[in-house]
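Trainee:
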Amino acid sequence: MAEAIPILEIGAILLGAALVGYGFRRVGLPAVVGYLLVGLLIGPFTPGYVADRHQIQVLADFGVVLLLFEVGIELDLRALRREPLGIVIAVPAQVGFVTLAGTAAFVALGSGVLGAVTLGLAVALSSSIVVVNITRSRKRTADELTARALLVWSVLQDVVTLVAATILAVLLAPGEATAAPLAFGKAVAFVAVAALVQDLVVPRLLRAVRGEQDTFLIVAVSAALATAGVGAAMFGVPLALGAFIAGLFLSVRAEAQEARREVLPFRDLFAVLFFVAIGSLVDPSAILREPLWLAVILALVVLKVFAVWGFAAIFRVPARRPQLAVGLGQIGEFSFVVVGLGSAAGVVSAGQFSAALGAAAITIAVSAVGARLFPRRIPQG
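406 is the number that this note's numbering gives to position 256 of the sequence shown; each next residue is one higher, with no gaps.
#1: Considering just the uninterrupted stretch of the alpha helix (DSSP H) at F219, what are its terminal residues?
#2: Among I284, V305, L306, which residue has its Cα nearest to the Cα of A297?
#3: What residues in its chain sit with their C-beta under 7 Å from that of Y199, if we drop five residues either side in the sequence?
#4: Are three or more beta carbon pairs between the region 444-455 and the region 248-258 nearer than 8 Å?
#5: Secondary structure at F484, three-state DSSP: helix, strand or coil?
#6: Which whole runs of the alpha helix (DSSP H) in the region 334-419 are 4 residues long or more, in chain order?
#7: Expressed to the nearest angstrom, what Euclidean distance is found between the alpha-carbon atoms of A344 and A337?
#8: Ordered along the chain, which non-local residues of its own chain (more than five positions away) have a Cβ less than 7 Å from that of L217?
#9: Among the residues of its own chain, which have a CB less than 7 Å from the CB of V183, if the five just before and after it don't count?
#10: Look at the Cβ atom of F247, then the Cβ atom of G270, and state whether they are nearer than 8 Å.
#11: Leaving out five residues on either side along the sequence, give the residues of the same chain with a beta carbon under 8 Å from the beta carbon of V221.
#12: Closest to A315 by CA distance: which of V267, S430, V359 is it?
#13: If we count Cβ pairs, one from each stretch, closer than 8 Å, do we get three or more for the region 227-240 versus the region 465-473?
#14: Using 8 Å for Cβ pairs, my map puts L478 next to S261. What's the rounded Cβ distance?
#15: If you measure from the CB of R231, is any heavy atom of the ligand FMN nearer than 7 Å?
#16: Could you tell me if G124 is buried or exposed, where buried requires 16 or more neighbouring beta carbons within 10 angstroms of its beta carbon?
#17: Out of L367, A201, E440, which has the shortest C-alpha to C-alpha gap to I157?
#18: According to DSSP, simplified to helix, strand and coil, what is Y172?
#19: Could you please give the first and the last residue of the uninterrupted alpha helix (DSSP H) stretch that includes S430?
#20: I need the boundaries of the alpha helix (DSSP H) containing F503, first residue and last residue.
#21: Rounded to whole angstroms, what is the Cα-Cα separation between G166 and R232?
#22: Note the first and the last residue of the continuous alpha helix (DSSP H) segment covering V257.
#23: Do you know whose CA, among P388, L295, A229, V347, lies nearest F486's CA?
#24: Going by beta-carbon coordinates alone, are F399 and A339 separated by less than 8 Å?
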């Protein structure tokens with residue numbers, strides 16, 4: 151009888167998250183905010199029921215691997231070559247500018263350099279899930295150009311994040327001065343191994359089971375889990391980055407379209423697992439003890455909105471720029487991964503970590519609603 155309790159707990163958590171997420175959607179808010187709220191309520195930092203931490207951690211690892219594998223598959227690097235040069239330049243410029251501004255702000259407030267860079271990078275990134283919600287929602291008001299710009303901007307941010315987060319993970323490697331070069335070597339080796347596996351092994355397996363939908367999905371998902379697990383266990387690469395790299399390499403193969411079609415229906419399940427687990431890590435008392443961190447992060451997100459608007463104007467990105475900027479004005483799933491790296495390395499405090507997660511919930515809700523408030527008829531610019 152006791153062995154049924156964990157299954158019952160997981161089922162109850164998922165059902166509760168689904169119902170709360172549905173309620174949030176009904177009032178025009180993203181379901182993601184509801185998932186974070188459920189995580190907060192079952193976490194150890196709020197009164198009432200506390201879910202098993204080990205079980206939640208397993209759910210978090212499973213959710214982040216599958217979610218970011220799906221994000222990686224959704225990217226089409228070859229299609230980016232057809233995009234205007236302006237947006238290809240604007241996105242790294244925006245990420246770099248906001249990261250530098252955030253680093254300067256956090257250093258001025260007493261953070262170490264590595265912690266400041268970690269938080270600055272986290273604030274610079276937006277949420278692919280929210281962007282997809284904005285562009286595909288039945289209530290969307292973005293025209294085709296703005297919707298396309300939102301998706302491409304988000305995709306390019308993910309590519310920039312892959313490079314930046316890998317470098318950050320190397321810099322945060324524990325140990326002596328030789329640790330960083332060794333970690334970098336391991337990261338490069340993992341990328342090479344993942345490229346070979348995703349180029350030579352996985353496509354052949356997928357071709358062999360093409361037409362068998364259930365087997366195809368199992369092979370695709372198990373390949374993502376195995377790649378991420380090998381990356382973490384043998385090369386020291388964070389699970390999330392390993393999964394994203396696996397999806398990214400698979401995205402350029404002929405089998406990618408079918409993989410997207412099979413995996414996409416499970417996006418919401420992956421998101422529930424991930425965001426509920428993230429919400430359970432929020433410590434409201436830590437935010438109340440150090441409210442300045444929340445205020446600074448929210449101010450930097452506002453700066454990011456103006457940075458997106460400004461760089462889109464400078465590089466003549468074809469879109470309704472105010473709507474584009476608001477649609478990207480939140481902290482996203484990769485931000486959680488980046489802040490998690492800093493927290494695990496001890497360069498991001500509990501107050502900063504909780505403030506970043508709290509700011510994420512606020513900005514996701516505000517940006518998703520705000521992006522829909524623009525009427526269809528407003529001019530570009």
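No residue lacks a Cβ here, since even glycine has one placed at the ideal position from N, Cα and C.
Mentor: From the atom records:
#1: 203-224
#2: I284
#3: I192
#4: yes
#5: Taken through DSSP and simplified to helix, strand or coil, F484 comes out as helix.
#6: 352-358, 363-385, 389-400, 406-413
#7: 10 Å
#8: F420, A421, F424, E483
#9: F174, A511, I514, A515, listed in sequence order.
#10: no
#11: S278, D308, F394, G397, E483
#12: V267
#13: yes
#14: In fact, because the Cβ distance is near 25 Å, the residues do not count as touching under 8 Å.
#15: Only the bare structure without any ligand can be found here, which leaves the ligand FMN out of the picture.
#16: No information on residue 124 is available, as it lies outside the stretch 151 to 531 that the chain covers here.
#17: I157 has its Cα closest to that of A201, out of L367, A201, E440.
#18: helix
#19: Element bounds for S430: n/a, residue is neither H nor E.
#20: 500-520
#21: 43 Å
#22: 235-258
#23: P388
#24: no
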